[in-house]
Each structure stands twice: as C-alpha cells, then as structure tokens.
Amino acid sequence: MSSINLEKYRRLLVEERERILANLDDVENDISDADTPGQYELANYDNHPADMGTETFIKARDLAVRDNFRDIIGRIEKALDKIDRGTYGTCDRCGREISTERLNAIPHAIYCVDCQDIIESS
Ligand SMILES: [Zn+2]
C-alpha cells in the first residue's frame, strides 16, 4: 500500500473532475436551453410528431448524461477524500487492495472489481 503514488492519483482525480465539470456545464446549458419557452415555440412550429420525439429523446439522454456526470463527480470526491484519510487504494466495501491496474484505468474506483460487480448487479 505504501508503494502507491498518492500525489499522482490526486492529480489525475483533480484533472478528471475539472474535465467532467466542464462537460456537466455544457449539458446543463443544453438542458436549460431546451427549457426556454422561445426554443420550444420554435421547435413546435412545424409540430411534426417525429421531431417532438427526437427532442424528448435528446432531453432524456441529456438528463441521463448529466446524472452520470454527477455520479462520477461524487465518486471522484469520495476518492479524493480517501486520499486525505489515507485509505485510497483499498476497497470501501471489503477493505482489500484495489489493483493499481484498476486505479490506473479508473482513478475514482473506490471498490475492488469483485465488490463493484456485486454492487452493480444488486
Ligand atoms: Zn471489495
């Protein structure tokens, strides 16, 4: 555990958070644009059912993307907190080490692969 380079992961996490926050901003702008009455009038002008469907689909997709970004940011915050508490790199569920391969691929991983599978399938 002592061999883990915490500063490297802290930097990766901070960079990832910045990148996702910028994307989250974009998505939130798209969502609030779609909510402006003027845009709706414009979109409804021709009133083709197909267009309406597309718009609803895009909105639902944007909301899902936004939730996903928020979820990842929450995990990044948790991972940064684990760095501060000195528990980074150990699984929050079973306490075993998370492999460095996994941390390199997903710096915000707070569970080992086994626990992640269990949580996602529950
Ligand atoms: Zn685990």
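Heads up: the sequence shown begins at 82 in my numbering, then just goes up one per residue.
Note that CB positions come from ideal geometry on N, CA and C, so glycine has one too.
Take the Cβ of residue i as the centre, count every other Cβ of all protein chains shown within 10 Å, and call the residue buried at 16 or more, exposed below.
{"i": "Ile-179", "result": "buried"}
{"i": "Gly-167", "result": "exposed"}
{"i": "Tyr-121", "result": "Low local confidence applies: a pLDDT of 48 at Tyr-121 is under 50, so the model's placement there is unreliable, with the coordinate-based value given in what follows. Burial call: exposed."}
{"i": "Gly-170", "result": "buried"}
{"i": "Met-82", "result": "Confidence at Met-82 is low in this model, with a pLDDT of 47, below 50, so the placement of that residue should be treated as unreliable; the coordinate-derived value is given next. By the neighbour-count rule (16 or more Cβ atoms within 10 Å), Met-82 is not buried but exposed."}
{"i": "Ile-139", "result": "exposed"}
{"i": "Arg-156", "result": "buried"}
{"i": "Ala-190", "result": "buried"}
Looking at C-alpha atoms only, which residue of the options is the closest neighbour of residue i?
{"i": "Ile-200", "options": "Arg-174, Pro-188, Asn-185 and Arg-183", "result": "Arg-174"}
{"i": "Leu-144", "options": "Ile-112, Cys-196 and Thr-171", "result": "Ile-112"}
{"i": "Val-108", "options": "Ala-141, Asn-86, Gly-170 and Gly-134", "result": "Ala-141"}
{"i": "Ile-85", "options": "Leu-102, Ser-202 and Pro-188", "result": "Pro-188"}
{"i": "Cys-172", "options": "Tyr-192, Lys-89 and Asp-165", "result": "Tyr-192"}
{"i": "Tyr-90", "options": "Arg-147, Asn-185 and Gly-134", "result": "Asn-185"}
Quick one: measure Cβ to Cβ for residue i and residue j, integer angstroms, because I've assumed they're closer than 8 Å.
{"i": "Arg-151", "j": "Leu-105", "result": "7 Å"}
{"i": "Ile-153", "j": "Leu-102", "result": "With 8 Å as the limit, Ile-153 and Leu-102 do not qualify as a contact, their Cβ atoms being about 10 Å apart."}
So, residue i versus residue j, is the Cβ gap smaller than 8 Å?
{"i": "Val-194", "j": "Arg-183", "result": "yes"}
Cβ contact check for the stretch 90-98 and the stretch 152-170: 3 or more pairs under 8 Å: Proximity of the stretch 90-98 to the stretch 152-170 meets the contact definition, three or more beta-carbon pairs being nearer than 8 Å.
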